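Trainee: Okay, here's the structure, questions in a sec.
Numbering (the numbering used here), first residue to last: 259 to 843.
What follows is the structure in structure tokens.
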């Protein structure tokens, strides 16, 4: 058992929290004894002695004592000393233990924990064993391992011989275009795309107005409308908006409108060439979806300016004129008339299984309500012969979940377990589209209506550029979106225990990074479950081979994990379940 109080001596057979209580209690009696001795010394100097006799637990004066002599002062009864059990068990979350687990999970032996591959399976086995060793329950029904939730995925990989034929020319894969998603073009197919300008839909500006693109293939220009000086026309502060910086926003809007395929036209040939070369290793990696998915196939292609102009039936000069016209009028201009093109983009497909891993700690009087503490344990595997160990992404969150599980399990063993139940959930497939958390929320082990909140931990081991040379911090994302109480509880826990900077910049709905939508908490938020996402930002090694254990800042990571613990402690032990008083999913 861990000695939770540093150099304090712990006697065999007495749990540390109990021993700490006894030490405090003994200190009280020691002070009382000192006070009694001092009183006795004063009494010895008095002219006459007062004899004291003890009978049946009562202390009485002898009848021989002079009437004028005052009795010795008696000790004042004091209320029992109450320990701060949250602080007690929070202190068992240590950087040494975090390092121990992370050194294993983020080692080369685990091959980058790619979903469905050997390293991910090894990590699942490790996590299941840790939960079992802590005494947590495996809650998964009908599984060969009750700590493991299996599910089937479909893996697809580009065949590499994709082509687009437009205007009498044939354009080649990775030279003139590349793609992502699930392709509906296994064999050569002729399509006639629809031009949708910049693909923007917001108050005062709509490229989709009057157009029905459901089930169609559309062409969208990357970037956003700008004036002659290059200033974004739709910006309130002169800075680029999400439409100019985040292609995901355009992809999401196209999917919302029902488009089948999107062709994004790059504005710059040199930039397209660099991006294509940089993306090639990732494009060659498999994409994944649920084997039984009923979602329609959606695909995004990125095409060079030359190919984009040819598909639109225009020229580079024609594209420039369109942009200038929009820049002057601040309105979508007359549309091009795209030509019919023939496209072939086959993908190889295969089925495989992967796993979420979880451990369950049953609560006491409010055990029917469940708090989820989550992290994803998968990463991106081996790329070009280099192992991407993902120590920060998201080894840091995964081992933080293990340490929170250890702290709560120890509390329960020593008689101070949580009132509500806690599910420690480590999920797979996050890097492929939040797949593991989506599967859990679609197939929950515990009813979602009984789930009070999800505290999600993803990348808490490093410092981003905005905070270099400054004090410790953490981004808290989404805590204000669904429950006003959750936000306040986290702030109170930080004020009382950890005192690190809480950065809320990514709560902004217009944040171009869209981090609120990019980790596993979001699948809980979609079901109206309050969430808080703990995150420390990206760095130069994000999704790179340099994301190693040697670069993890363990003292800071310890404090960040403790903050999540203290918030979880309050959520699990407070009298009332936190309210859901907002619909900002």
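We put the CB at the ideal spot given by N, CA and C, even for glycine.
All of these numbers come straight from a predicted model, not from anything done at the bench.
(1) If we require 3 or more residues per run, which beta strand (DSSP E) segments fall completely within the region 649-705?
(2) With distances taken between CB atoms, is the gap from residue 672 to residue 351 smaller than 8 Å?
(3) Check whether the Cβ atoms of residue 559 and residue 453 lie closer than 8 Å to each other.
(4) Between the Cα of residue 821 and those of 349, 629 and 640, spot the shortest distance and give me the residue it belongs to.
(5) Expressed to the nearest angstrom, what Euclidean distance is found between the alpha-carbon atoms of residue 309 and residue 340?
(6) Pick helix, strand or coil for residue 340, following the three-state DSSP scheme.
(7) Taking 8 Å as the limit between beta carbons, can you name the residues of its chain near residue 659, skipping five residues before and five after?
(8) Please look up how many angstroms separate the CB atoms of residue 415 and residue 605, rounded, as I've assumed it's under 8 Å.
(9) Using CA atoms only, rank isn't needed, just tell me which of 423, 834 and 799 is closest to residue 625.
(10) Under 7 Å Cβ to Cβ from residue 418, same chain only, skipping five residues before and after it: list those, please.
(11) With three or more beta-carbon pairs closer than 8 Å as the criterion, would you say the region 479-497 touches the region 573-588?
(12) Count the other C-beta atoms from every protein chain shown that fall within 10 angstroms of the C-beta of residue 599, then say buried if there are 16 or more, exposed otherwise.
(13) Can you check whether the CB of residue 396 is closer than 8 Å to the CB of residue 667?
(14) DSSP puts residue 547 in a beta bridge; with which residues?
(15) I need the DSSP call for residue 298, collapsed to helix, strand or coil.
(16) Please list, in chain order, all residues of the same chain as residue 357 whose beta carbon is under 8 Å from its beta carbon, the five residues on each side excluded.
(17) Should the region 763-775 be regarded as contacting the region 612-619, the criterion being three or more beta carbon pairs within less than 8 Å?
(18) Kindly indicate the opening and closing residues of the alpha helix (DSSP H) around residue 541.
(19) Check whether the Cβ atoms of residue 782 and residue 699 sit closer than 8 Å, and answer yes or no.
(20) Please determine if the region 790-809 and the region 639-647 are in contact, where contact requires at least 3 C-beta pairs separated by less than 8 Å.
(21) Taking only three categories from DSSP, how would you classify residue 815?
(22) Of the choices 754, 792, 691 and 759, whose alpha-carbon is the least far from that of residue 819?
(23) One question on the structure: do residue 359 and residue 657 come within less than 8 Å of each other, judged by their Cβ atoms?
(24) Is it buried or exposed for residue 756, if we count other Cβ within 10 angstroms and need 16 for buried?
(25) Give the DSSP-derived three-state secondary structure of residue 552 in the structure shown.
(26) One question on the structure: do residue 523 and residue 509 come within less than 8 Å of each other, judged by their Cβ atoms?
(27) Figure out for me which residue from 361, 489, 542 and 476 has the closest Cα to the Cα of residue 515.
(28) Looking at C-alpha atoms only, which residue of 410, 745 and 722 is the closest neighbour of residue 794?
(29) For residue 556 versus residue 507, is the C-beta distance shorter than 8 Å?
(30) Tell me the rounded alpha-carbon separation between residue 553 and residue 493.
(31) Nearest to residue 694 by alpha carbon, out of 532, 546, 490 and 499?
(32) Indicate whether residue 410 and residue 549 have their beta-carbon atoms separated by less than 8 Å.
(33) Short of 6 Å in beta carbon distance, which residues of its chain neighbour residue 325, apart from the five on each side in sequence? Order them along the chain.
(34) Report the three-state DSSP secondary structure of residue 482 (helix, strand or coil).
(35) Residue 459 bridges to which residues according to DSSP?
(36) To the nearest angstrom, how far is it from the Cα of residue 759 to the Cα of residue 733?
Mentor: Checking against the coordinates, here is how it stands:
(1) Listed in chain order, the beta strand (DSSP E) runs fully inside the region 649-705 are 678-685, counting runs of at least 3 residues.
(2) no
(3) no
(4) 349
(5) With a pLDDT of only 38 at residue 309, under 50, the local geometry of the prediction cannot be trusted, and the value read off the model is given with reservation. Residue 309 and residue 340 have their C-alpha atoms some 38 Å from each other.
(6) Note: residue 340 maps to coil in three-state DSSP.
(7) 631, 632, 633, 682, 683, 684 and 715
(8) 6 Å
(9) 834
(10) Cβ neighbours of residue 418 beyond the five flanking positions: 431.
(11) yes
(12) By the 10 Å Cβ count, residue 599 comes out buried.
(13) Taking C-beta atoms as the reference points, residue 667 and residue 396 fail to come closer than 8 Å.
(14) 412
(15) With a pLDDT of 42 at residue 298, under the threshold of 50, the modelled position of this residue cannot be trusted; read the value that follows with caution. Here residue 298 sits in helix by DSSP.
(16) 807, 810 and 812
(17) no
(18) Where residue 541 is concerned, the enclosing alpha helix (DSSP H) stretches over 527-541.
(19) yes
(20) yes
(21) Residue 815 falls in the helix class under three-state DSSP.
(22) 792
(23) yes
(24) Counting Cβ neighbours within 10 Å, residue 756 comes out buried, since at least 16 surround it.
(25) coil
(26) no
(27) Of the listed residues, the one whose Cα sits closest to residue 515 is 476.
(28) Closest by alpha carbon: 722.
(29) Cβ atoms of residue 556 and residue 507: not closer than 8 Å.
(30) For residue 553 and residue 493, the distance between alpha carbons rounds to 34 Å.
(31) 546
(32) yes
(33) Note that residue 325 scores 44 on pLDDT, short of 50, meaning its location in the model is unreliable; the coordinates nonetheless yield the value given after this. Hits under 6 Å: none found.
(34) coil
(35) 464
(36) 8 Å
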